[in-house]
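Structure first, commentary second.
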Amino acid sequence: MATDGSWRNWSGEQRCTPVRTVRARSTADVRDAVLVAAADGLPVRAVGSGHSFTSIALTDGVQIDISAMDRVLAADVESGLVRVQAGISISRLSDVLAALGLGMENLGDIDVQTVAGAIATGTHGTGARLANISSQVRAIELVTGTGDVVELTAEGDPDGLRAARVSLGALGVVTAVTLQCVPAYVMRGVDTTERLDDVLATLDERNADHRHFELYAFPYAARALTRTNDVVDEPASPPSRLQTALRQGLLETGALGAISELGRRVPPAIPRLNRSLVRMAGTSVRTDRSDRIFASPRHVKFVEMEYAYPRDAAEPALREILATIERRRLAINFPIEMRFVAGDDALLSPAYRRDTAYLAVHVYRDMPWDPYFRAVEEIANGYGGRPHWGKRHFQSAETLAGRYPEWERFREVRARFDPDGRFVNGYTDRVLGPVQTAPVAA
Ligand SMILES: Cc1cc2nc3c(=O)[nH]c(=O)nc-3n(C[C@H](O)[C@H](O)[C@H](O)COP(=O)(O)OP(=O)(O)OC[C@H]3O[C@@H](n4cnc5c(N)ncnc54)[C@H](O)[C@@H]3O)c2cc1C
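Counting in our numbering, the sequence shown runs from 457 upward without gaps.
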């Protein structure tokens with residue numbers, strides 16, 4: 457939040473100036489904020505840590521910031537059930553869980569999101585047998601558009617919970633979440649470079665043999681980066697500060713930033729730069745606490761689009777994207793990231809009842825992304841792709857409804873929890889359409 461009251465997301469491209477921002481400390485604060493907004497006739501959006509690339513979190517009404525709601529409310533180490541305030545960040549959650557001897561089954565590649573923000577967009581990691589983070593949610597406390605506080609569980613309100621797990625912030629403000637955690641574990645993460653053709657020919661084996669596998673394919677390069685993480689029965693051996701600084705200095709910030717900047721200034725050099733970057737990457741092996749293997753800091757700014765494809769489309773879709781870039785000589789100096797996620801049953805999960813391959817495309821900041829992302833979206837459309845709700849796309853309710861078998865059920869739940877359309881913004885208008893309350897009988 458800037459001193460003039462404006463707000464911007466991590467990439468700096470999405471901005472808004474809310475009428476007011478309420479920093480809630482409790483469920484009662486959230487309830488009051490919703491009721492006062494309703495009395496003032498203002499829309500409301502909860503905001504997490506602003507790590508969505510879409511306009512999903514924007515509002516010109518009341519912004520509710522629950523980042524101060526960051527406590528663990530209850531933890532049962534035996535069952536692994538942990539109740540948290542929904543504004544807790546994944547990094548803080550990971551520290552608290554580690555102290556309890558617990559961990560999350562899977563995470564994405566950063567840990568700065570809030571739990572509520574991460575689940576709202578279907579945030580995921582990689583692991584063909586593991587579903588997204590929202591699939592670990594067992595209960596949600598929600599403040600609805602009428603200011604009611606409801607507890608959603610699979611037993612009490614199965615549709616409500618399946619809608620609220622991936623809600624796009626459109627059902628209300630999530631104030632507490634019960635998560636299914638697992639016993640703490642240590643992982644070995646191996647990053648290396650391999651021939652892209654060899655990797656694509658062995659995707660099934662890699663997914664069968666490893667808990668987490670992902671691929672970074674660089675346009676114009678025959679070699680790709682792979683990341684393979686597995687659980688090991690060994691103590692964590694965290695890297696020294698120097699090792700961390702060198703690793704982050706090389707790929708995650710320093711060299712990546714410098715090479716990306718060079719590519720922005722001299723686009724014809726990009727094919728050579730991409731090949732050099734893969735060559736510089738080499739091999740690294742780390743053994744550490746699971747959350748530290750999953751996540752790393754991101755300082756180089758970019759814009760991203762990510763689509764959930766049917767699992768079998770992973771290879772052909774990636775090849776189509778690479779061929780499009782190379783045929784059109786697009787100046788793309790970031791890799792295409794391929795990850796694998798098991799299907800789940802949240803009504804608007806991009807992996808809804810479908811084992812999924814995610815393909816993410818990135819463009820370095822201040823470089824043109826529109827033509828590239830439109831071309832990739834056309835490819836995704838051909839495979840029935842579903843967009844990540846927090847990453848750039850051009851879809852609308854009309855183009856999306858047919859891709860979600862339980863779309864209407866989500867709309868029913870939305871009308872039940874937000875009958876007056878309190879939690880709308882431009883993004884929900886575009887991708888969900890207006891709230892549809894049941895027609896009044898004549
Ligand atoms: C560098 C980077 C790396 C990323 N890596 C991954 C990755 O590995 N995997 C992946 O899937 N995604 C990834 N993302 C995307 C990111 O995980 C999602 O966009 C996520 O939703 C961001 O969480 P946030 O806390 O920043 O929420 P925000 O972006 O602030 O908000 C997202 C949505 O959540 C809603 N929301 C927030 N709090 C609440 C609440 N209390 N109640 C109801 N609704 C709420 C907001 O209204 C909004 O609709 C990445 C993004 C960046 C910038």
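We put the CB at the ideal spot given by N, CA and C, even for glycine. Since the structure is predicted, the reported quantities are computational estimates derived from the model, not experimental observations.
Item to check | Opposing strand residues paired with I792 [DSSP bridges] | outcome: What you label residue 792 is simply residue 336 of the sequence shown in a count that begins at 1. Paired residues: A673.
Checklist entry - Roughly how many angstroms separate the alpha carbons of V896 and R795, rounded to a whole number? => result The count along the sequence shown starts at 1 and reaches residue 896 at position 440. The count along the sequence shown starts at 1 and reaches residue 795 at position 339. Because the pLDDT at V896 is just 48, under 50, the model does not fix this residue reliably, and the point stays unresolved.
Checklist entry - Where do the ends of the beta strand (DSSP E) carrying L529 lie? => result Looking up residue 529 in the sequence shown gives position 73. Start and end: V528 to D532.
Checklist entry - Contact check, R821 vs S508 under 8 Å by CB: the rounded distance? => result Position 365 of the sequence shown holds residue 821. Position 52 of the sequence shown holds residue 508. Wrong, their Cβ atoms sit about 16 Å apart, outside the cutoff.
Next on the checklist: Quick check: V741 and V646, are their CB atoms within less than 8 Å of each other?
Outcome noted: Looking up residue 741 in the sequence shown gives position 285. Looking up residue 646 in the sequence shown gives position 190. Yes, these two residues count as a Cβ contact at 8 Å.
Item to check | Selection from N562, I589, A584 and G713 that minimises the alpha carbon distance to A576 | outcome: Translated into the one-based positions of the sequence shown, residue 576 becomes position 120. Among N562, I589, A584 and G713, the Cα nearest to that of A576 is on I589.
Next on the checklist: Which of the three DSSP states is assigned to W466 in this structure?
Outcome noted: Translated into positions along the sequence shown, residue 466 becomes position 10. It is coil, neither helix nor strand.
Item to check | S550, buried or exposed, once every other Cβ within 10 Å from all chains shown has been counted against 16 | outcome: As a position in the sequence shown, residue 550 is number 94, starting the count at 1. That one is buried.
Item to check | Nonlocal neighbours in the same chain, by C-beta distance under 6 Å from G603, ignoring five residues either side | outcome: Mapped onto the sequence shown, residue 603 falls at position 147. So the list reads R487, V490 and L491, once near-sequence residues are dropped.
Checklist entry - Looking at C-beta atoms only, is the number of pairs between the stretch 818-836 and the stretch 716-732 that lie closer than 8 Å three or more? => result yes
Checklist entry - F758 bridges to which residues according to DSSP? => result Here residue 758 is taken as the residue at index 302 of the sequence shown, counted from 1. DSSP output for F758 lists Y820 as bridge partner(s).
Checklist entry - So does G547 have its beta carbon nearer than 7 Å to some heavy atom of ligand 1? => result The count along the sequence shown starts at 1 and reaches residue 547 at position 91. With the sequence shown as reference, residue 547 is identified as Ser, and Gly is not the correct amino acid for it. No, since every heavy atom of ligand 1 falls outside the 7 Å radius drawn around the Cβ of S547.
Item to check | Among S482, E762 and I546, the one whose alpha carbon lies nearest that of A831 | outcome: Translated into the one-based positions of the sequence shown, residue 831 becomes position 375. Per the Cα distances, E762.
Item to check | Alpha-carbon spacing of L778 relative to Y676, whole angstroms | outcome: Position 322 of the sequence shown, counted from the first residue, corresponds to residue 778. Position 220 of the sequence shown, counted from the first residue, corresponds to residue 676. Each residue's Cα considered, the two are about 8 Å apart.
Item to check | Beta carbon of G583 nearer than 8 Å to that of F879 | outcome: If you number the sequence shown from 1, residue 583 lands on position 127. If you number the sequence shown from 1, residue 879 lands on position 423. Cβ atoms of G583 and F879: not closer than 8 Å.
Next on the checklist: Can you tell me whether T602 sits near ligand 1, meaning its C-beta is under 7 Å from at least one heavy atom of the ligand?
Outcome noted: The residue given as residue 602 occupies position 146 in the sequence shown. Not under cutoff, so the answer is no.
Checklist entry - Heavy atom of ligand 1 less than 7 Å from the Cβ of H668, yes or no? => result Numbered from its first residue, the sequence shown carries residue 668 at position 212. Result no, Cβ not under 7 Å from ligand 1.
Item to check | Proximal residues to I596 (C-beta, below 6 Å), its chain only, five neighbours per side dropped | outcome: As a working note, residue 596 is residue 140 in the sequence shown. Here the set comprises L608, A620, V630 and V633.
Checklist entry - How big is the Cα-Cα spacing for M736 and A640? => result As a first step, residue 736 is located in the sequence shown; it is residue number 280 there, counting from the start. As a first step, residue 640 is located in the sequence shown; it is residue number 184 there, counting from the start. Each residue's Cα considered, the two are about 33 Å apart.
Checklist entry - With distances taken between CB atoms, is the gap from L558 to V540 smaller than 8 Å? => result Here the question's residue 558 lines up with position 102 in the sequence shown. Here the question's residue 540 lines up with position 84 in the sequence shown. Cβ distance not < 8 Å, so L558 and V540 don't count as in contact.
Next on the checklist: Please tell me whether, using a cut-off of 7 Å, the distance from the CB of D565 to the nearest non-hydrogen atom of ligand 1 is below it.
Outcome noted: Against the sequence shown, residue 565 aligns to sequence position 109. Correct: D565 has its Cβ closer than 7 Å to ligand 1.
Next on the checklist: Considering only the alpha carbon of each residue, which of R859, Q519, L652 and G858 lies closest to S505?
Outcome noted: Residue numbering aside, residue 505 sits at position 49 when the sequence shown is read from its first letter. It is Q519 whose Cα lies nearest to the Cα of S505.
Item to check | Nearest to D686 (by Cα), restricted to the options E561, A626, D885 and V503 | outcome: Here the question's residue 686 lines up with position 230 in the sequence shown. Looking at the Cα atoms, E561 is the closest of the given residues.
Next on the checklist: Using CA atoms only, rank isn't needed, just tell me which of V642, L586, G497 and P691 is closest to R748.
Outcome noted: Taking the first residue of the sequence shown as position 1, residue 748 is located at position 292. Answer by Cα proximity: V642.
Item to check | Cβ shell of Q892 (< 7 Å), same chain only, five flanking positions each side left out | outcome: On the sequence shown, position 436 is the one that residue 892 refers to. Cβ neighbours of Q892 beyond the five flanking positions: R867 and A871.
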